[in-house]
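Working notes, structure below.
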Ligand code: G1P
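Numbering (my numbering), first residue to last: 842 to 1152.
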């Protein structure tokens, strides 16, 4: 087993160059990462999650048509002055918090050559330290501290750590899938299981998947990943896959651990799950929750039986 890393991770990388085809035509002119989840962009939740986990420096790997993301994380003196003049202290605080939450940097991916290629663009920013990667489509409920747990596992065991979720065998072909061995000595603070990853494959056919455990969009990576990514050939979808680079690290004997997440995760990249996330999060809010819950009860009572959803 490797020695634990000398330096803990302090930086986060968020790839945001994806085209958002599942939300067209909404995403023709608005980056999918800025679609609102209740009243904040999905991306704001992700940046806040990184900051809460102790990663105040965030690099966004952007692409063409993503200029609005830079605008969102920029200061808006005119807007702030207008809110100040109106005496709207609450909204002013919200607007300021959205930019003050982290130090956000940007780099352009240039060509869309896959997640591994996007992560490689962060090499100069990251340097020789472990770092986190957060994918914008996966929203982790702020009451569940997945990233903090992963950082703790990385600090203790070294190597890399990925977040895993049992998605059922029938869904595994949409994800990176892993083979694992138990690590009963290494449970996370929350009680989430920690496993040793022994193999990874990107979006395998259902009948070839090593397990029903999927990689969800949180990674804590050792900087050795960059050298591996530079020599990783395009894989699934003719793209340079982060999953393939992790598989190479495992083959070379580097430790890769998995935290099997048992908390609340919303896939805001999927239209149905996006709607569920908006309703669930709004219904739990102090301001919107009470009237929304009252309305939902009435709405559901009036739904015809065939309209009922299965999950
Ligand atoms: C990416 C990764 C995949 C992972 C997924 C999690 O795929 O390549 O291994 O399971 O994110 O959301 P994408 O969803 O970008 O196709």
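We put the beta carbon where it would ideally sit given N, CA and C, even for glycine.
Under 7 Å between C-beta atoms of residue 902 and residue 944 | With a cutoff of 7 Å on beta-carbon distance, residue 902 and residue 944 are scored as not near each other.
Looking at the unbroken alpha helix (DSSP H) that takes in residue 884, where does it start and where does it end?
-> Where residue 884 is concerned, the enclosing alpha helix (DSSP H) starts and stops at 883-893.
Assign residue 939 to one of three DSSP states: helix, strand, or coil.
-> Correct three-state label for residue 939: helix.
The ligand MN heavy atoms versus the CB of residue 1090: any closer than 6 Å?
-> Because the ligand MN does not appear in the structure shown, any question about it cannot be addressed here, the ligands present being the ligand G1P.
Between residue 1056 and the ligand G1P, is the CB less than 6 Å from at least one heavy atom?
-> Indeed, a heavy atom of the ligand G1P lies less than 6 Å from the Cβ.
Count the other C-beta atoms from every protein chain shown that fall within 10 angstroms of the C-beta of residue 1058, then say buried if there are 16 or more, exposed otherwise.
-> Classification of residue 1058: buried, given that the 10 Å Cβ count is 16 or more.
CB of residue 1081 within 7 Å of CB of residue 905, strictly = It is not a contact, given that the beta carbons lie outside the stated cut-off.
Can residue 1084 be considered in contact with the ligand G1P, in the sense that its beta carbon sits closer than 6 Å to one or more heavy atoms?
-> Inclusion of residue 1084 in the 6 Å shell around the ligand G1P follows from its C-beta lying nearer than that to a non-hydrogen atom of the ligand.
Expressed to the nearest angstrom, what Euclidean distance is found between the alpha-carbon atoms of residue 935 and residue 1133?
-> Going by the C-alpha atoms only, they are around 22 Å apart.
Under the criterion of a Cβ to heavy atom distance below 6 Å, does residue 1017 qualify as lining the ligand G1P?
-> Taking 6 Å as the cut-off, the C-beta of residue 1017 counts as close to a heavy atom of the ligand G1P.
What residues match up with residue 852 in a beta bridge as DSSP calls it?
-> 898, per the DSSP bridge assignment.
Anyone know if the C-beta pair for residue 854 and residue 900 falls short of 7 Å?
-> Going by C-beta atoms, residue 854 is nearer than 7 Å to residue 900.
Give, in chain order, every unbroken run of the alpha helix (DSSP H) that is at least 4 residues long and sits entirely within the region 1057-1123.
-> Along the region 1057-1123, the alpha helix (DSSP H) occurs as fully enclosed runs of 4 or more residues at 1065-1071, 1083-1092, listed in sequence order.
Cβ atoms of residue 1017 and residue 857: under 7 Å apart, would you say?
-> Cβ atoms of residue 857 and residue 1017: not closer than 7 Å.
Alpha-carbon spacing of residue 993 relative to residue 948, whole angstroms = About 28 Å.
If you compare alpha carbons, which of 963, 911, 1041, 1094 is closest to residue 1076?
-> Measuring from the Cα of residue 1076, the nearest candidate turns out to be 1041.
May I ask you to report which of helix, strand or coil DSSP gives residue 972?
-> In the structure shown, residue 972 falls within a strand segment according to DSSP collapsed to helix, strand and coil.
List in chain order: all unbroken beta strand (DSSP E) runs of 3+ residues lying wholly within the region 991-1041.
-> Here the runs fully enclosed are 1001-1007, 1017-1023.
Residue 851 to residue 975 span [Cα, whole Å] = Residue 975 has its alpha-carbon roughly 13 Å from the corresponding atom of residue 851.
From residue 1050 to residue 938, what does the alpha carbon distance come to, in whole angstroms?
-> CA-to-CA, the gap between residue 1050 and residue 938 works out to about 43 Å.
Do you know offhand how far residue 1012's Cα is from residue 1062's?
-> Each residue's Cα considered, the two are about 25 Å apart.
7 Å Cβ cutoff met for residue 942 and residue 888 = For residue 942 and residue 888, yes; Cβs fall inside 7 Å.
Return yes when the C-beta of residue 1062 is under 6 Å from any heavy atom of the ligand G1P, and no when it is not.
-> No, the ligand G1P has no heavy atom inside 6 Å of this Cβ.
For residue 956, is the beta carbon positioned less than 6 Å from some heavy atom of the ligand G1P?
-> For residue 956, the shortest C-beta to heavy atom distance toward the ligand G1P is below 6 Å.
Examine the Cβ distances between the region 1087-1105 and the region 856-872 and report whether three or more of them are shorter than 8 Å.
-> No contact exists between the region 1087-1105 and the region 856-872.
Counting only the same chain and skipping the five closest in sequence on each side, list residues whose C-beta sits under 7 Å from that of residue 959.
-> Cβ neighbours of residue 959 beyond the five flanking positions: 856, 858, 902, 950.
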